[in-house]
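Take the sequence shown: its position 176, counting from 1, is numbered 734 in my numbering, and each next residue is one higher.
Data first, discussion second: the structure below is written as structure tokens.
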Amino acid sequence: MMSHPDSQAEFQDREAAAGLNPSTGLSHRDVAAHLTASLQVAVDTLRKAQHPDGFWVGELEADTSLEADAILLDYFLGSPDQSRVHKLAQCLRDEQGAEGGWSLYPGGAPNINVIVKAYFALRLAGVRESDPALEKARQAALQLGGVGATNSFTRICLCFLDQYDWKAVPALPPELLLLPNFAYINIYDVSSWSRAILVPLSIIYAFQPQRRVPAGVTLRPLYLPGSTRGSNRLLPGAPLYSWKTLIHAADRTLSVLEQKRWTPLRRQALRRAEQWLLEHLRGSGGLGAIYPAMMNSIVALDCLGYDREGALFRRELAEFWKLAIEEPGTIRMQPCFSPIWDTALAVFAASHPLGAAHASVQRGAEWLISRQILYSGDWSVKCPDVQPGGWCFEFANDPYPDVDDTAMVLLALSRVRIPDAARQRASLRSGVDWVLGMQNADGGWASFD
559 MMSHPDSQAE
569 FQDREAAAGL
579 NPSTGLSHRD
589 VAAHLTASLQ
599 VAVDTLRKAQ
609 HPDGFWVGEL
619 EADTSLEADA
629 ILLDYFLGSP
639 DQSRVHKLAQ
649 CLRDEQGAEG
659 GWSLYPGGAP
669 NINVIVKAYF
679 ALRLAGVRES
689 DPALEKARQA
699 ALQLGGVGAT
709 NSFTRICLCF
719 LDQYDWKAVP
729 ALPPELLLLP
739 NFAYINIYDV
749 SSWSRAILVP
759 LSIIYAFQPQ
769 RRVPAGVTLR
779 PLYLPGSTRG
789 SNRLLPGAPL
799 YSWKTLIHAA
809 DRTLSVLEQK
819 RWTPLRRQAL
829 RRAEQWLLEH
839 LRGSGGLGAI
849 YPAMMNSIVA
859 LDCLGYDREG
869 ALFRRELAEF
879 WKLAIEEPGT
889 IRMQPCFSPI
899 WDTALAVFAA
909 SHPLGAAHAS
919 VQRGAEWLIS
929 RQILYSGDWS
939 VKCPDVQPGG
949 WCFEFANDPY
959 PDVDDTAMVL
969 LALSRVRIPD
979 AARQRASLRS
989 GVDWVLGMQN
999 ADGGWASFD
């Protein structure tokens, strides 16, 4: 009768003594051979994915609110590309969950903001209210509280197309840009990502545009019984002395002033906001090079009266639609491009198996060096004595380099050798200096300013 090991540990010890890998039953030599072969496949795949210019960029996935917003923008501008709208709508149909809703990520719970936007976008695209998919979406939305449960950004977007009341959204007056940088509240004390969204939104809020939609297209089925287009503006629900109560009171005050047209500094504020917007569009693939800010900037330019056939407007619209990925019968949208991050990771990973001086690695490193941002951006408001030298996440976003991308690029560049060694050293030095200059007083770092 055969004896058996008394424990898993004893069994693994016997395999190890026999030169076998405990988890696979293969010899260590066979495991090494498999790893070498797998590594070669990975390296070959990486090399094939490299762009002729030297960079790598993969698809950046997001939720389907992007496809919905793209349809809404097309209708806001008044001349929707029907072929594009139908392909975007097909993407929405494809991503609808079995329960009728849409989520923020694969396998996630239904999200009311995505559901409301997707429902409205599909109605604009010509899908009937009685369509089974929309009926399931309606039920999912009502279970989550309906339109009244959406966040402020969704409600503002609905205002664009006359589906929500401008009087019932939080006040975002452009006069905020007139506050000095040393004020307790100013635009440079919010995150850079929020800033790029809020400034164009403040322009939009000042004009409060409302475009009409095709007859019969409405979000009324997604409102709970008894609720209105202005329900749940801001729910106090907080102690008398609290930040929430203070913010609610300030919002109500600003809204009353807005409704009474007591805005003596409005013209000056709009000029300041427009100047800020134009400055931040330079050196960028759209405002902030990221979808929400890009979309809002297009609407803001339209509110300001920029010619839709003019060079600036056409460029910003073209940058926005570059985010579209078209396949047979469908279009999906990316939130932004990620070439700096992807290239830095690829160079760092490939430099070991290929060697520090391999042509593919060198091309990637040289492309990264060529994308270093040597201009001051928003970060310089709080760090005026720091010299530029960072990298952003996207192809072009000069106002917003970030610490994590810069750190990853520095790691990659430290692993390679390019023919112009002096250029490489200078790039590394300025990058390191910029990261050190961005260190917080508490010793840590944030991604952005």
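We treat Cβ as the ideally placed atom computed from N, Cα and C, and that holds for glycine.
- Taking 8 Å as the upper bound for CB-CB distance, GLU653 and PRO668 are not in contact here, some 12 Å apart.
- When secondary structure is reduced to three states using DSSP, ALA882 falls in the strand class.
- Looking only at LEU912, THR888, PHE906 and GLU877, the smallest Cα-Cα distance to PHE895 is reached by GLU877.
- Counting other Cβ atoms within 10 Å of its Cβ, ALA908 reaches 16 or more and is therefore classed as buried.
- By DSSP's assignment, ARG890 forms a beta bridge with ILE883.
- Three or more beta-carbon pairs drawn from the region 962-979 and the region 903-923 are found closer than 8 Å, and the two stretches are therefore classed as touching.
- Taking each of PRO758, ASP611, PRO728 and GLY913 in turn and checking the Cα distance to HIS838, the smallest one comes out for PRO758.
- Taking the Cα of LEU903 as reference, the smallest distance to any Cα among VAL944, PRO772, VAL615 and GLN982 is reached at VAL615.
- Here GLY636 is exposed, its C-beta having fewer than 16 other C-beta atoms within 10 Å.
- A straight line joining the alpha-carbon of TRP834 with that of PRO783 spans about 43 Å.
- Under the three-state reduction of DSSP output, SER661 falls in the strand class.
- Looking at the DSSP output, ILE931 shares a beta bridge with GLY948.
- Distance from the CA atom of ARG890 to the CA atom of MET852, rounded to whole angstroms, is 16 Å.
- In the DSSP annotation of this structure, the continuous segment of the alpha helix (DSSP H) that includes SER909 starts and ends at 897-912.
- Here ILE931 is near ASP956, since their CB atoms are less than 8 Å apart.
- Remark: C-beta atoms of ASP627 and SER661 do not approach each other more closely than 8 Å.
- Apart from the 5 residues on each side of it in sequence, LEU823 sits with its Cβ closer than 7 Å to the Cβ of GLU733 and LEU736 in its chain, given in chain order.
- Put simply, the region 918-932 touches the region 942-956. At least three CB pairs are less than 8 Å apart.
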